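Chains A and B supply the protein sequences, listed in that same order. No gaps in the numbering here: position 137 of the first sequence is 136 in this note's numbering, and each next residue is one more. No gaps in the numbering here: position 313 of the second sequence is 388 in this note's numbering, and each next residue is one more.
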Amino acid sequence: MTEKFIPTLFFISFLVATTIIIVLVPEFREGVAEAFLLIISGNPEVTEITLRSVYISGTATALAVIWSVPIGLVIGLKDFAGKRFFKGLFNALMGIPTVALGLVLYLMWSSTGPLGFLSLFLSPLGIILGQAILITPIMVSFTTSAIEAVESDIKDLAKTLGASELEAAFAVLKESTAAVSLSIVGSFNRAIAELGIALMIGQNIRGQTRVLTTAIAMETTRGEIPLSIALAIILLVIVVSVNLIINLLQRRFK
Amino acid sequence: MKPNLGIWGIVITVAAIVSVASVAGTFVYLQISMRQKLVVATTTSLYDTGLLDEIETHFETEYPIDIYFISVGTGIAIQFAQRGDVDMLLVHAPSEELKFLQGGYGVNRKVFAYNFFEIVGPTDDPAQIEGLSPADALSRIVAAGRNSTAVWVSRGDGSGTHVKEKDLWAAAGFDWTLIRDEVNWFKETGSGMGKTLITANGLRAYTLTDIGTFLSYSAGTTNQVPDLKKLVAQAKELINVYSAIAVNQTKNPRANFEAATTFTKFLISEEGQEIIGDYGVATYGQALFYPAVDILKNNTDPTTAQMIMNYAYFDDAGTRTECPVPYRHRHPELYD
């Protein structure tokens, strides 16, 4: 019953927070006005940056799903030596500072670095891979907890119904769909809102690696405050919409 | 028999297809481009004012070369060049540039533009520095600072502007490493020009700024530094000289030396120099950068030419030159 209200509550609190900020910060009012103008007029550069952000972080999320959900499933279901170590490791890595990861990746991918031949530095592919690495611990940890929360008799039940080990594992995963999809959405939000990797690996090159966060940082340095606010609002709207959509989908499939 | 994996089997398969398709698509897109790639690390003042966007637009319509500008501080720009991650540098710190050339990392330095730094401060000018020489102005600021009537804000970040500030303190007879400890009136921000200006405005303090950033903050869509005004400008000590350096191909074989040469030639061409001289006039009513090539080559403005040569030229067997002969590589036409 309460779950039904979560999207509505979420949306209302977003509106309330925005209203408070708009009332308190005059620059934000101009920013909101400019944001609407930019979005309505379909400013090609803003559209391009927005699409690139969604594309890069969306691909990073899809890539991370391929390995993170199975890893989370294995850690959650199987008993093996070092299980606690891996759980602890992924939990600890959730908080890795993006600039630190960006710096390490730069040193590896730089021309003279050990993986320089891959030409990932200054490439959108580099940001995609970097963000996928960044969000892997988040996805793995949350998937693991979600799987562990499911009663083990579901797995046994599936097996008595003639399911293989793999099918039984996916049956458990299906039981924790709500929590796992939330971890995926949370990971996407972390990826699209991070600055360190996009800046360190992409270096904010116009038409190549400029994404919303790096553009916001740059426009602020340039003194174009209303434009930065407009871009920040677009970023917020994307994050909120993705959450809303996933909430609606979850209600649908309940 | 195919295992039945339900909804999550589909999700993971779709994720795999989407990511493979999109990574492969990007990869192919990056490979099939017929255009060459030129990666240029540039000082923030050239990029953040928007000048390089303008130059890029003109250059890319004329040449099959895509320029990737990376706008960073001088320190990391030189790191990038030493590691072979960029093909070219646009910088404004002659002493650092000479070290870079001497290290064998760069060749074919060309001076292409200049302008002046400015000392800005509170509109009521408590230290009374308006119109003074930089050295006198700094002395008065120190005196007023010690009386608690003025505050100085410093970049403190090792940028080209910070290097200049340290030179100015030395020229005014102060040891920068000592006065920076007088923290009651000497504040270091450790951040970029824009943030430093905002801090100076908030503290009603004096600071050294490049002309472009100050104009974009004070004359942009909204004046973000209403309590600051230009007080000392156009003095020879405040000159700021921008130069282009190509990364040495013999040291970094992957560097795109020919594209770097093409871009250097464009910057010093009549067209490039005209873009530099016109930039900002429509928006701010004044140019942000001045073209340097004609002044240096044809001596059309001997005073300014002398200033640039004293500040940004290096000694080479008894003569002053923008690029000593050992650091030139092919293309002698650059120095005709």
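By construction, the Cβ of each residue, glycine as well, lies at the ideal position given by its N, Cα and C atoms. As the structure is a prediction and not an experimental result, all values here were calculated from the model.
Under the three-state DSSP convention, the category residue i falls into
i       : result
F120(A) : coil
Q157(B) : helix
Y143(B) : strand
T101(B) : helix
I216(B) : helix
S318(B) : strand
T208(A) : coil
A116(B) : strand
P78(B)  : coil
M0(A)   : For M0(A), the predicted structure reports a pLDDT of 45, less than 50, and the residue's modelled location is therefore unreliable. The matter cannot be settled from this model.
V307(B) : strand
R111(B) : Checking the sequence, you will find Gln at residue 111(B) rather than Arg. Three-state result, Q111(B): strand.
Y138(B) : coil
P25(A)  : helix
P136(A) : helix
A80(A)  : coil
R221(B) : helix
Alpha helix (DSSP H) segment containing residue i, residue limits
i       : result
V226(B) : Here V226(B) belongs to no alpha helix (DSSP H), and DSSP marks it neither H nor E.
S151(A) : S151 to T159
I74(A)  : P43 to L76
M268(B) : M268 to L278
Y281(B) : Not the alpha helix (DSSP H): Y281(B) falls in the beta strand (DSSP E), residues Y281 to D285.
M107(A) : T97 to W108
A177(A) : T176 to A192
K239(B) : G235 to A246
A334(B) : F332 to I343
F175(B) : P169 to Q177
I254(B) : W251 to I254
Distance, residue j Cα to residue i Cα
i       : j       : result
I39(A)  : L114(A) : 43 Å
C398(B) : S344(B) : 18 Å
P301(B) : A96(B)  : 52 Å
Q202(A) : A231(A) : 19 Å
D411(B) : P328(B) : 27 Å
G101(A) : N374(B) : 47 Å
A362(B) : I350(B) : 10 Å
M0(A)   : R250(A) : Low confidence applies to M0(A): its pLDDT is 45, below 50, so where it sits in the model is not reliable, and the reading given next is rough at best. Rounded to whole angstroms, M0(A) to R250(A) spans 11 Å at the Cα level.
I204(B) : A367(B) : 29 Å
S318(B) : I383(B) : 11 Å
T224(B) : S208(B) : 20 Å
A133(B) : I142(B) : It should be noted that the sequence gives His, not Ala, for residue 133(B). Cα to Cα, the separation comes out at about 11 Å.
A45(A)  : T219(A) : Checking the sequence shown, residue 45(A) turns out to be Val, not Ala. When rounded, the distance between both Cα atoms is 15 Å.
W244(B) : L213(B) : 7 Å
V236(A) : I183(A) : 18 Å
F169(A) : G265(B) : 52 Å
P136(A) : I196(A) : 16 Å
F116(A) : W108(A) : 8 Å
Under 9 Å from the C-beta of residue i: neighbouring residues of chain A
i       : result
V356(B) : By Cβ distance, chain A contributes nothing, its closest Cβ being about 18 Å from V356(B), past 9 Å.
V98(B)  : T58, L62, L124, I127 and L128
Within chain B, partners of residue i - CB distance below 8 Å
i      : result
I65(A) : I87, A90, A91 and S94
Contact list for residue i against chain B, beta-carbon separation under 9 Å
i       : result
P123(A) : T101 and L105
F120(A) : D160
Range covered by the beta strand (DSSP E) that runs through residue i
i       : result
N374(B) : Where N374(B) is concerned, there is no enclosing beta strand (DSSP E), given that its DSSP letter is neither H nor E.
F192(B) : G181 to P197
E263(B) : F261 to E263
V166(B) : M163 to V166
Residue i - partner residues in DSSP beta bridges
i       : result
V356(B) : Per DSSP, none; premise fails for V356(B).
L126(B) : Bridge partners of L126(B): none, in fact.
R395(B) : D390(B)
Y365(B) : Y189(B)
Where residue i meets chain A, residues with beta-carbon distance less than 8 Å
i       : result
F338(B) : Chain A residues near F338(B): none, gap ~15 Å exceeds 8 Å.
F144(B) : I204 and R205
L80(B)  : L165, E166 and F169
Listed by chain order, chain B residues near residue i by CB distance under 7 Å
i       : result
G222(A) : G269, S291, Y292, G295 and Q299
Contact list for residue i against chain A, beta-carbon separation under 7 Å
i       : result
R329(B) : S110
G84(B)  : F169
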